[in-house]
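Protein chains in written order, with the working numbering: chain A, 1 to 512; chain B, 513 to 1177.
Every residue gets a Cβ at the ideal spot worked out from N, C-alpha and C, and that includes glycine.
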């Protein structure tokens, strides 16, 4: 063939691959408000940065007449590119080709970029939109899933893995996202479940829609499986870019630094009045986070799940910091099963990737009740304790108000080797609230409200302050709230060279 | 001169009085309720005395409490501010009996002007123009009909003790009088415990114009020009200015001189204000006299250079006035905007809570421009439910009216308030309204121009293009910063493009950016707009020059763009690459989820109280119930307007998550 013919052949083949499942299926995808696999990549990556692998890969199945239909690419677009100039690997399932179903070769394409990403130390971002296993291929498809799973496990804690669920994700397919670091869903067009509504109805007689069973609302508010949900593909992918900007490329590289337009010395006088005069009045911890962050920018993780704890990323002096904060607006900021799981997951991610941790504490204790005990709050609460205890990244803690009981220990206390433990003058570090303590200590005087009131006052005077803890060195310094940004900025600056080793082990046995 | 004065008030006016006292070398005493423990006036004063619980009825208007504070601190004079005890003759008497100076008029003058019928009689006798009407109490509907026929329709039926629009009705026909008289009288009895009624001519298309007086105890008096206060919402002044764009010199002099005649008739000494309504033929009629410092006094201060509070203090000290009428010069133009904690998008519902951000525009005082902001709050402070929802009085001054209004536009644009609802967009909308800028407003302005409430301003396309150009230039700056992240592949960096698509609501514009060191040339809609700004990412306020015109934007981040507040409009501005825009156009618009008609308990907790009953109409944002969880009281609010159908829980109930508290219709 002549050179021109060869070039033409290449262009024809490329055009064929880029056409995916054809105009009709692309239109159907658009009609659902969903973009195609390639359109999504356009939005995820820097313009013109995408380099594709395996565009011409086709499946090798022959059963059920499959040999006659071998579209190039086999239902997934894979490759690499950049997000704001930084390397990432991406796979994007193409619902217009065999419903995005996973075949042996489809899986191989994903595995190839997973291997590349792990080797080169760059994140993997999966854009999931797949009907599930390619049933025609049988066990070969299942094997494909498992190959992907194994690579998810191998990459865990080495490179960030992000899953964006942009269509169906059911059955075995859910376990790959489940093992990645972040799951982002699209409202109205994505769902995840192990067994679908039909099976649920047959087996349990429960009647439930796909949306109720595994939609974005279910997983961001109820199950906590997903971290974030956005209104459409465009927004989800733009926000995924924002997330990538906050993360290191791998555990071998430090978290990214970005030019910033906010003074580390910024004083916020309004923080001096953040804590209400009434100790039982709530306040919004988000305000503190926003006022500490560079440019008031907070990227919340799991904002709609276990809202009694806040987790997410901010930047201090342009450097990523993970924030964990009790939220007094919800359940008084207490710890419970869900908030402990949410916090622990986040702390472990940050520690794995060298992201310093800022902990803001206003915690009255653990949520009491049978639901919590039967649900195993002992083990779940221990996850957060364990996560803080094993984290060797820089840890800075600020107690704004309550730090009661075991929850005080859990929330990155000095005893869990936090590096800086600051307290505001409004801090109360005690075994429990004054009234509760007095009711135990002076049980015999309970009939005499006057005596009890006096005892309560005494207890408050003695313990409802940060100074008892400060005298023992559990608090490094009591700081003025208005200066908190400067204090934590300096603290993190001093910890940039922190190195802390832990004894060798194969891996720990975190309570699961 | 006094060594120490007590200010029997709170909020901005207490702060404003303290400022003048301090300049005069006088020590100040603040009083405060529980809720005002940490208030600005308490922090500013040299001394502070706690005078009781938060409700004003148990603190700021309890004469004994104030008298105790005076005795305790040895204050030699008391300034009552406005509202509270400022027009309470008994208080003035009590202060005098204590041998302490009252920084206000004699008690008799307060008494004489305090009753609408008495004051009108005195005014008429003093030769002040009054609204044609019946001077006496009207016995019944028949008498009312007879009098109305004599005056000529339309007429106003008014409760003698009235205020705030209660017990007040306009009658255009005999039938209206017959119906309205009893209704108004019942209302008056219920509201004020006083059912005396009178009738007067109803002036159509009236303007509210008032004269500021300053009188001493030696028989001297001057008028400091007028203030136009026609921009009112339900009889609440919103925007005032001085002078009035409507008065001529002859009318001004006639109003001023008649006001002084009234002052002399009641032996007035101190600052006072005579309010008039003025019809379209510049006939003016006495409305009432306010025997105190007015909220809107700063606009008069700005055009006369007189510190009215200082003069009040000097008069109370027995000094003669330091200026004669010939010394009074009205220079330039001043406008005041009252910034209220009221959400204009929610039918001006008062909004309370924490001011998470409060950044007023910078105060300026030059020969060509003045910006003055009288306030009693601070960032991190609380707007409580107990008092007036006023946050600040923002005033601007310039040599002419257009300049003062332009300065107000800028000042409103640069005002940042977050954490609570506020009326800044509404104030900005008025500043751009042709009826206001043309100076032809009447007291019906707001009711006529915003009959369905305020929904934000629709800006013309030219303005939207300028905003789009500004947003594109800013977005480019933010995007370039994003490419400066560490860890990028050398030599393969992202290049931020020059072509963008900006959408603002239905407006879509393709723009091309050419940036140089000092600014950006933005090609939009076939023209080139030059954008210059020192905005950097994270700034919540952007000051730009777009095509030679200054522009101030309040900016918030959203995905692919900004949320921008500008000149009474709240805009969602998307800035996207052509490819992003093309794909965004394929997205479905999500319809707002059908939120159920139930108020569910958001957390396990104990019901402290239910604030509504079946049949109650509730506004969006209104408190419905309080649930205590983990010893925290959480206020549950209505997410939208509605009517309560049934209440399913009661105080003391223990609820689980998603238990029904009440149902809406």
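Residue 588/B beta carbon less than 9 angstroms from that of residue 613/B: yes
DSSP-derived helix/strand/coil call for residue 447/A: coil
Nearest residue (CA-CA) to residue 257/A, options 266/A, 237/A, 175/A and 294/A: 294/A
heavy atom of the ligand COA below 8 angstroms from residue 654/B C-beta: This structure lacks the ligand COA, and indeed carries no ligand of any kind.
At least three beta-carbon pairs within less than 8 angstroms, the region 142–154 of chain A to the region 113–123 of chain A: yes
Within-9 angstroms CB hit, residue 893/B to chain A: yes
For residue 904/B and residue 862/B, believed in contact at Cβ under 8 angstroms, the rounded distance: Between residue 904/B and residue 862/B the Cβ distance is about 15 angstroms, and since that is not below 8 angstroms, they are no contact.
C-alpha gap between residue 384/A and residue 340/A, whole angstroms: 5 angstroms
Any C-beta of chain A under 9 angstroms from that of residue 885/B: no
Residues, ordered as in the chain, of the region 1004–1021 of chain B that lie near chain A by beta-carbon distance below 9 angstroms: 1004, 1005, 1006, 1007 and 1009
Coarse secondary structure for residue 967/B, derived from DSSP in three states: coil
Where residue 1096/B meets chain A, residues with beta-carbon distance less than 7 angstroms: 234
In DSSP terms, what residue 82/A is bridged to: 87/A
Ordered list of alpha helix (DSSP H) runs contained in the region 940–1019 of chain B, each at least 4 residues: 946–949, 957–961 and 973–994
Residue 116/A at chain B interface by Cβ criterion, 9 angstroms: no
Which of helix, strand or coil DSSP assigns to residue 110/A: helix
Where residue 823/B falls: helix, strand or coil (DSSP): helix
Of the residues 410/A, 372/A, 422/A and 355/A, the one placed nearest residue 392/A, counting alpha carbons only: 355/A
Collapsed DSSP secondary structure at residue 1072/B in the structure displayed: coil
Cα-Cα separation, residue 388/A to residue 413/A: 9 angstroms
Within 9 angstroms, strictly: CB atoms of residue 478/A and residue 422/A: yes
C-alpha distance - residue 672/B paired with residue 758/B, whole-angstrom precision: 30 angstroms
Every unbroken beta strand (DSSP E) inside the region 214–293 of chain A [3 residues or more]: 228–230
Cross-strand partners of residue 724/B (DSSP beta bridge): 785/B
Cutoff 7 angstroms; reference residue 207/A; Cβ partners in own chain excluding five residues on either side: 201
Pair within 9 angstroms by beta-carbon distance, residue 645/B and residue 713/B: yes
Per-residue contacts from residue 1000/B into chain A (C-beta, under 8 angstroms): 82, 84, 85 and 86
Burial state of residue 459/A (16 or more Cβ within 10 Å): buried
Span separating the alpha-carbon of residue 814/B from that of residue 774/B: 25 angstroms
For residue 1066/B, the residue or residues it bridges with in DSSP: 1053/B and 1077/B
Neighbourhood of residue 1006/B by C-beta, 6 angstroms cutoff - its chain only, sequence neighbours within 5 removed: 995
Every unbroken beta strand (DSSP E) within the region 761–818 of chain B, with a cutoff of 3 residues, ordered by chain: 782–790 and 796–802
Chain B contact for residue 168/A (CB, 9 angstroms cutoff): no
Interface partners of residue 934/B on chain A, CB under 9 angstroms: Near residue 934/B there are no residues of chain A at all, since even the closest Cβ is about 16 angstroms away, more than 9 angstroms.
Beta carbon of residue 908/B nearer than 9 angstroms to that of residue 742/B: no
Proximity test, Cβ basis, 9 angstroms: residue 49/A and chain B: yes
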